[in-house]
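Asks:
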Amino acid sequence: MEGEKETKQNGQNTLENQPNSQPTTLSKNAKKKLLKQQKWEAKKAEKKAQTKEQKTKEGERKRKEWEEKLSSCASEEERLKLIESRRELRKERMGKRAEEKEEKTQRLRKAKEFWSEYCD
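Quick note on the UniProt record's numbering: the sequence shown kicks off at 1 and runs consecutively.
1) In this structure, how does DSSP classify F114 when only helix, strand and coil are distinguished?
2) Over what stretch of residues does the alpha helix (DSSP H) that includes A51 continue unbroken?
3) Under the assumption that L82 contacts K69 (Cβ atoms under 8 Å), give the Cβ distance between them as a whole number of angstroms.
4) What is the rounded straight-line gap between the Cα of K91 and the Cα of A74?
5) Check the C-beta distance from L26 over to L35 and give it rounded, since I have them as a contact under 8 Å.
6) Have a look at E46 and K62 and give me their C-alpha separation to the nearest angstrom.
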């Protein structure tokens with residue numbers, strides 16, 4: 001039952017896990033393919049878990065560094081300057097991303113116009 005749930009979550013139904021199907025024997029080649037696919041899915045899930053864990057560790061590390069930086073500030077004024085500089089950096093990054101996104105949409109519009117004129 002759990003095998004059926006897992007394959008349905010992946011959007012795949014193998015011959016062995018189809019509900020209400022007659023038990024069919026798979027050819028040697030089909031068994032190899034199925035085994036290879038299962039190994040690939042397991043490896044993919046493992047890699048995904050590793051990257052997720054790595055991202056969380058990196059986020060925790062950055063958070064700790066930021067907290068240490070804030071706590072090491074001698075005065076409230078220095079602390080406020082540090083916070084403001086971080087906000088400014090974030091605004092710059094977000095502005096840059098918005099510009100890149102706008103440039104990309106403009107390029108796509110131009111290409112769309114070109115191809116619509118070319119095809120007509």
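Idealized CB from N, CA, C, for every residue including glycine.
Replies: Inspection of the coordinates gives the following:
1) By 1-based counting over the sequence shown, the position of residue 114 is 114. Shown here, F114 sits in a helix according to DSSP, grouped into three states.
2) Reading the sequence shown from its first residue, position 51 is the one you call residue 51. Going by the sequence as given, residue 51 is Thr instead of Ala. Membership of T51 in the alpha helix (DSSP H) is indicated by the continuous run K28 to S72.
3) Numbered from 1 along the sequence shown, position 82 holds the residue referred to as residue 82. Numbered from 1 along the sequence shown, position 69 holds the residue referred to as residue 69. Contact annotation, L82 with K69: C-beta distance approximately 7 Å; criterion of less than 8 Å satisfied.
4) As a first step, residue 91 is located in the sequence shown; it is residue number 91 there, counting from the start. As a first step, residue 74 is located in the sequence shown; it is residue number 74 there, counting from the start. Taking the straight line from one Cα to the other gives about 26 Å.
5) The residue you call residue 26 lines up with position 26 of the sequence shown. The residue you call residue 35 lines up with position 35 of the sequence shown. Not a contact, Cβ separation roughly 10 Å.
6) By 1-based counting over the sequence shown, the position of residue 46 is 46. By 1-based counting over the sequence shown, the position of residue 62 is 62. The alpha-carbon atoms of E46 and K62 are separated by roughly 24 Å.
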